[in-house]
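Q:
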Ligand code: AMP
Ligand code: MG
């Protein structure tokens, strides 16, 4: 036995893989688990067919040998199921001299946490000669998970099985052994949601999720929501709502030529001489030698003593260096046909070189910074016009995420499906989906209506998986409380392998608000949250992180938590700053009762009167099921928890969802 690492042999039992070893994925999966800890060296890998003799012959070749050549651990993978050809446990059992049911139990218990199908696995484990033998399932994922469940304990078992003096080994006691195995100081396993397959009797009776403050929850959103993805877009009205992902520089001078800013006459003012007369007036009768509209006569040079009629915005004729407004002129004579001006008298004061004209690049210089990275393109701020005028053809923007909205619940029906008063007992019209779709659209995001899904684990999982292919973020409502039909957390966490960053927030309404992320392979190109994981460039896997917000089912809670939590995440994904609703101090216009334990987000109307002070008035009953508490509300008041009501006139922060109402 090597003094530093333990020797492992991996045996793949698979008729398919024995024919074509390239189909095997189990060996690399198991090797990665084993070699990660630095305690194991994989010394042998073999693939055999699903035949008892082949399996036994291979295992014996590793165990029934000289002590120095023996391996410490043999893991088999494959052939542990219920198919006719599955005979690995039987073949291995016949070889095992000391069964180790504890290892079997450990593997099954861990697998059952992942999938109820683990019940169909038939592992065996034990010792033959000086080696520990364990059978793992055939799927690389299952094999890996089973091995991970026991790997920390195996070194100790293998050392004992190899025949080392056990008293020396046990000096220091169990604590020392645990420490060596790396299990003593390990943090408790992440609490998992209810396992729906266990039914209501074995569900958690207390939420396993820590109760976070609103600020802590917002920090998690900031930490785990993916950032924006860049995309190049042509300059047009579709840019509105996007944030620039780069500084933008003018492609051209504006104006691109010397242009008049008035209707009048282009003149030649002698250089360095501000006027032709003592008093600074520029006067006299001049011949009109040309006309400059949009395109002047090129090549024609205006000389001192000549003038040319010019319109606003038109290029100055070559030689001209100022423009006199038509208001300061008098027509003196016409051409013979009477159709044109021949001579015009100029009566202007203080005409200087450069008057009434814009120099090339005097508005914007070519190469000048016109918009900064992070600037938002608005419909009212003239950004598109600025880009257009500066000759910018395309810009790099932060792509805006597409949001999918899904209602969950067996009782939820399409709001238009039943005629008024036609609901059956228990049915509830879907309120949240239309509400949230509109709210997301109002904030400028494209949405996908994901419909209503029943409270059934497989259907829910499939719906979420399908949705993850279409959208950058999913918002669900309902199914996040503590009932046995509250399936969102377990589905995301157990079935989809997602991570729940928080599942409870100390607030009212919205306590069960849940934020999770799921890794998705093979995303759409150009998708928000995309990153290419390491690997050789030709085989790199595309993986994206998709946030899922599971909001409470009560309609007022859903809309409050959308504004409080989902909006900042959407802003992060689209590169916007600041994130979330704007916050302003307001004065209460009447007394407000407070919740004794949780801070409350009270729906209110914020208005401003002649005194310029922002005042907040409650929209009335705040029960979380009461969607009417949102009607007309333009703000969420951040009310602290407390025993006594907050008095009229007290100052609180308001989060503005809409425009402040004017009482003028
Ligand atoms: P749940 O968290 O699924 O138990 O839902 C809490 C409450 O919200 C229940 O009374 C549900 O009927 C109600 N609810 C859930 N989803 C919706 C929805 N989309 N529209 C209206 N009410 C809903
Ligand atoms: Mg429900």
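In UniProt numbering, the protein residues as written are 1 to 664.
Even glycine gets a Cβ: it sits at the ideal position worked out from N, Cα and C.
Taking the straight line between their C-alpha atoms, what separation do you get for residue 648 and residue 572?
A: On the chain shown, position 648 is the one that residue 648 refers to. On the chain shown, position 572 is the one that residue 572 refers to. Approximately 36 Å between the Cα atoms of the pair.
Q: Any heavy atom of ligand 1 inside 6 Å of the beta-carbon of residue 477?
A: Stepping through the chain shown from its first residue, residue 477 is reached at position 477. Yes, the Cβ of residue 477 comes within 6 Å of a heavy atom of ligand 1.
Q: For a minimum of 4 consecutive residues, which ranges assigned as the alpha helix (DSSP H) are wholly contained in the stretch 349 to 415?
A: 383 to 389
Q: Tell me the DSSP secondary structure of residue 202 in three-state form.
A: Translated into the one-based positions of the chain shown, residue 202 becomes position 202. In the three-state DSSP reduction, residue 202 falls in the helix class (H, G or I).
Q: Helix, strand or coil, according to DSSP, for residue 602 in the structure here?
A: Mapped onto the chain shown, residue 602 falls at position 602. In the structure shown, residue 602 sits in a strand (DSSP, three-state: E or B).
Q: In the DSSP assignment, find the unbroken alpha helix (DSSP H) run with residue 571 in it and report its ends.
A: What you label residue 571 is simply residue 571 of the chain shown in a count that begins at 1. From DSSP, the alpha helix (DSSP H) with residue 571 extends over 567 to 573.
Q: In whole angstroms, what separates the C-alpha of residue 12 from that of residue 427?
A: The count along the chain shown starts at 1 and reaches residue 12 at position 12. The count along the chain shown starts at 1 and reaches residue 427 at position 427. Residue 12 and residue 427 have their C-alpha atoms spaced approximately 53 Å apart.
Q: DSSP three-state call for residue 258: helix, strand or coil?
A: The count along the chain shown starts at 1 and reaches residue 258 at position 258. Residue 258 falls in the coil class under three-state DSSP.
Q: Residue ranges of each alpha helix (DSSP H) run of no fewer than 4 residues wholly in the UniProt domain "MoaB/Mog" (9 to 157), ordered along the chain?
A: 15 to 19, 26 to 36, 52 to 63, 88 to 95, 101 to 114, 140 to 150
Q: Less than 6 Å separating the Cβ of residue 255 from some heavy atom of ligand 1?
A: As a position in the chain shown, residue 255 is number 255, starting the count at 1. No - ligand 1 has no heavy atom lying nearer than 6 Å to the Cβ of residue 255.
Q: Between the stretch 540 to 558 and the stretch 427 to 444, do at least 3 Cβ pairs fall closer than 8 Å?
A: yes
Q: List the residues that DSSP assigns as beta-bridge partners of residue 545.
A: Locating residue 545 in the chain shown gives position 545, where the first residue counts as 1. Answer by DSSP bridge pairing, in chain order: 519.
Q: Closer than 7 Å by C-beta to residue 49: which residues in its own chain qualify, once you throw out the five before and the five after it? Chain order, please.
A: Against the chain shown, residue 49 aligns to sequence position 49. 15, 18, listed in sequence order.
Q: CB-CB under 8 Å to residue 259, same chain, minus the five flanking residues each way: which ones, in chain order?
A: On the chain shown, position 259 is the one that residue 259 refers to. Contacts found: 313, 314, 315, 316, 357, 358.
Q: Once DSSP output is grouped into helix, strand and coil, what is the label at residue 496?
A: Reading the chain shown from its first residue, position 496 is the one you call residue 496. Coil at residue 496, not helix or strand.
Q: Pop quiz: residue 604 and residue 618 are said to be a contact at Cβ under 8 Å. What is the actual Cβ separation, rounded to whole angstroms?
A: Looking up residue 604 in the chain shown gives position 604. Looking up residue 618 in the chain shown gives position 618. Indeed they touch by this definition, with Cβ atoms about 5 Å apart.
Q: Hey, is the stretch 148 to 155 in contact with the stretch 81 to 98, meaning 3+ C-beta pairs nearer than 8 Å?
A: no
Q: Under the assumption that residue 474 contacts residue 487 (Cβ atoms under 8 Å), give the Cβ distance between them as a whole number of angstroms.
A: Taking the first residue of the chain shown as 1, we reach residue 474 at position 474. Taking the first residue of the chain shown as 1, we reach residue 487 at position 487. That belief does not hold up - the Cβ atoms of residue 474 and residue 487 are roughly 14 Å apart, past 8 Å.
Q: Is residue 553 near ligand 2, with its Cβ less than 6 Å from a heavy atom?
A: The residue labelled residue 553 in the question sits at position 553 within the chain shown. Yes, the Cβ of residue 553 comes within 6 Å of a heavy atom of ligand 2.
Q: Give the secondary structure of residue 230 by DSSP, where H, G and I count as helix, E and B as strand, and everything else as coil.
A: Taking the chain shown and counting its residues from 1, one reaches residue 230 at position 230. Three-state result, residue 230: strand.
Q: Can you tell me where the beta strand (DSSP E) holding residue 587 begins and where it ends?
A: Residue numbering aside, residue 587 sits at position 587 when the chain shown is read from its first letter. Looking at the DSSP string, the run of the beta strand (DSSP E) that includes residue 587 is 583 to 588.
Q: Looking at the secondary structure, which residues open and close the alpha helix (DSSP H) in which residue 301 lies?
A: Position 301 of the chain shown, counting from 1, holds the residue named residue 301. Where residue 301 is concerned, there is no enclosing alpha helix (DSSP H), given that its DSSP letter is neither H nor E.
Q: Closest by CA to residue 240, which one among 445, 270, 138, 284?
A: One-based indexing of the chain shown puts residue 240 at position 240. Answer by Cα proximity: 445.
Q: Counting C-beta neighbours from all protein chains within 10 Å, is the total for residue 350 16 or more, i.e. buried, or is it exposed?
A: Indexing the chain shown from 1 puts residue 350 at position 350. Exposed: under 16 other Cβ atoms inside 10 Å.
Q: Can you tell which of 67, 83, 300, 511 has the C-alpha that lies nearest to the C-alpha of residue 130?
A: Taking the chain shown and counting its residues from 1, the one referred to as residue 130 is at position 130. With distances taken between Cα atoms, residue 130 lies closest to 67.
Q: Could you give the distance in angstroms between the alpha-carbon of residue 20 and the alpha-carbon of residue 47?
A: Translated into positions along the chain shown, residue 20 becomes position 20. Translated into positions along the chain shown, residue 47 becomes position 47. Going from the Cα of residue 20 to the Cα of residue 47 covers about 10 Å.
Q: Could you give the DSSP three-state label for residue 619: helix, strand or coil?
A: Here the question's residue 619 lines up with position 619 in the chain shown. Here residue 619 sits in coil by DSSP.
Q: Using a Cβ-Cβ cut-off of 8 Å (strictly less than) and excluding sequence neighbours within five positions of residue 452, which residues of its own chain qualify?
A: The count along the chain shown starts at 1 and reaches residue 452 at position 452. Contacts found: 406, 407, 408, 409, 412, 413, 414, 430, 433.
Q: For residue 496, collect the residues of the same chain with a Cβ closer than 8 Å to its Cβ; drop the 5 residues on either side in sequence, then sort them by chain order.
A: In the chain shown, the residue the question calls residue 496 occupies position 496. Within the same chain, residue 496 has close Cβ partners 461, 464, 465, 518.
Q: Report the partner residues of residue 508 according to the DSSP bridge assignment.
A: To locate residue 508, count along the chain shown from 1; it is residue 508. According to DSSP, which records beta bridges pairwise, residue 508 is partnered with 600.
Q: Need the endpoints of the beta strand (DSSP E) that residue 322 sits in, please.
A: As a working note, residue 322 is residue 322 in the chain shown. Segment 322 to 325, the beta strand (DSSP E) holding residue 322.
Q: In angstroms, rounded to a whole number, what distance separates the CA positions of residue 126 and residue 134?
A: Here residue 126 refers to the residue found at position 126 of the chain shown. Here residue 134 refers to the residue found at position 134 of the chain shown. The straight-line gap from Cα to Cα measures roughly 7 Å.
Q: Identify which residue in 657, 608, 651 has its Cα closest to the Cα of residue 632.
A: Taking the chain shown and counting its residues from 1, the one referred to as residue 632 is at position 632. Residue 632 has its Cα closest to that of 657, out of 657, 608, 651.
Q: Could you tell me the boundaries of the alpha helix (DSSP H) in which residue 221 lies?
A: For the purposes of this step, residue 221 is identified with residue 221 of the chain shown, where counting begins at 1. Counting along the chain, the alpha helix (DSSP H) containing residue 221 begins and ends at 214 to 224.
Q: State the start and end residues of the unbroken beta strand (DSSP E) segment that holds residue 560.
A: Start at 1 with the first residue of the chain shown, and residue 560 comes out as number 560. First-last for residue 560: 555 to 561, but that is the alpha helix (DSSP H), not the beta strand (DSSP E).
Q: Could you tell me the boundaries of the beta strand (DSSP E) in which residue 656 lies?
A: Within the chain shown, numbered from 1, the residue matching residue 656 stands at position 656. For residue 656, the enclosing beta strand (DSSP E) begins and ends at 651 to 656.
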